[in-house]
Amino acid sequence: MGFLGDLGKELGKAALKGAVEGLQKSMDQRNAQQRQADSMQFAANEQALQQAGESGDLGAIEELASSYFLQMDYSRADYWARKGARVNDSSCMWLLGEIAFAQGNFFEADQWFSRNISVNADVDSASELGFLYLNIQDNPNQPKDIEKAANLFQFALRQNNSHPEASYGLAVCMLQYENFDESLLKQLLQNATWSENAAIKDDARQFLQTMADNERAATTNNQQNNGGGCFITTAVCGSFGKADDCYELTAFRNFRDSWLVHQADGKNLIAEYYELAPKIVEKINSLADSTEVYKNIWRDYLSACLKFIEKGENLQCKKIYIDMVDTLKKNFLK
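If you count by this note's numbering, then the sequence shown holds residues 123 to 456, one letter each, in order.
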């Protein structure tokens, strides 16, 4: 999971919990500001717009539907938006989805957004529907579906590869999984910083800052350890009287530097190891039976890792490596 590690998981949970709430709050604030700015002008033109709308003027219909929606007059907004939807107007179908969503009717919102995507390949509808499938509000009638949400955000990005909201949504989806492309995540978050939605912009900037901070910390750890840093394996081998450049340690370091670091989650695993391993070794060294503990670590984990490295089965070694660190963390860093 790149340099984010466990923090990435927590950020992912927070993003999944707060994304729609933040979007809704920001939308409400934006709507309130726009309502105040437009209300007087709309009131002066309302009658003329209604006459034009009843005559089939699509521009008037769109303005009426939008203005009533911003005033939270959903009944009249729905009336005019449905007139536009009869001729498959993209703006009106999007508004119908927004109206349904604002009233808590997720099923109808899904229908309107899906129709707009199908008929007009509407990017904003795909993005909004993606957030609906994330279902941050935990509506029992609308279960989460991260895969569907991700597919919708990807669809939107195929139409507009820098769409800020879709970029943010896909980044949120990626953070729900153990492994992801860190460079893609960074690009998506960078796109999201251009959003007009304050909640999205602020979250994206926070994610990027966190990633940068963790990357710097991992780099510092690498530099401080001068290419070594195999703390646990060094301690184990040292307990057997082996030198720092012995065959076993050289093999483990080569596995780390030539293969593990290039995996999607490799840098994160290494950074986590640099953080935890010295504390684990310090704790073991304080025990009266430390030598026996190191023998068990060799027997249960490292000897098998070495055999897989020798066979070129690095994935199997990685699995054992992860299990070893997790188990030692639980046993010695309580």
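C-beta atoms are modelled at their ideal positions from N, C-alpha and C, and glycine is treated no differently. Quantities reported herein were computed from a predicted structural model and do not represent experimental measurements.
In the pairwise beta carbon analysis, the stretch 363-371 is classified as not touching the stretch 409-418: fewer than three pairs are separated by under 8 Å. When Ala231, Arg208, Asn227, Ser213 are compared, the shortest CA-CA separation from Gly219 is found for Ala231. Looking at Leu186, Ser177, Gly178, Phe374, the one whose alpha-carbon comes closest to that of Asn167 is Leu186. Its Cα nearest to that of Thr332, the residue Leu311 stands out among Asn319, Ser317, Leu311. The three-state secondary structure of Tyr396, taken from DSSP, is helix. CA-CA distance, Gly252 to Ala386, rounds to 25 Å. Look at Arg208 here: in three-state DSSP terms it is coil, with no helix or strand label. Cβ contact annotation for Phe277 (same chain, cutoff 6 Å, sequence separation greater than five): Ala248, in chain order. Closest option to Gly226, judged by alpha-carbon separation, among Asp303, Tyr196, Ala320: Tyr196. Only residues of its own chain outside the window of five on either side were considered, and among them Tyr255 have a CB closer than 6 Å to the CB of Asp267, listed in chain order. In this structure, the beta-carbon distance from Val245 to Asn210 does not fall below 7 Å. Per DSSP, the continuous alpha helix (DSSP H) segment holding Arg237 begins and ends at 228-242.
Under the three-state reduction of DSSP, His285 is assigned to coil, being neither helix nor strand.
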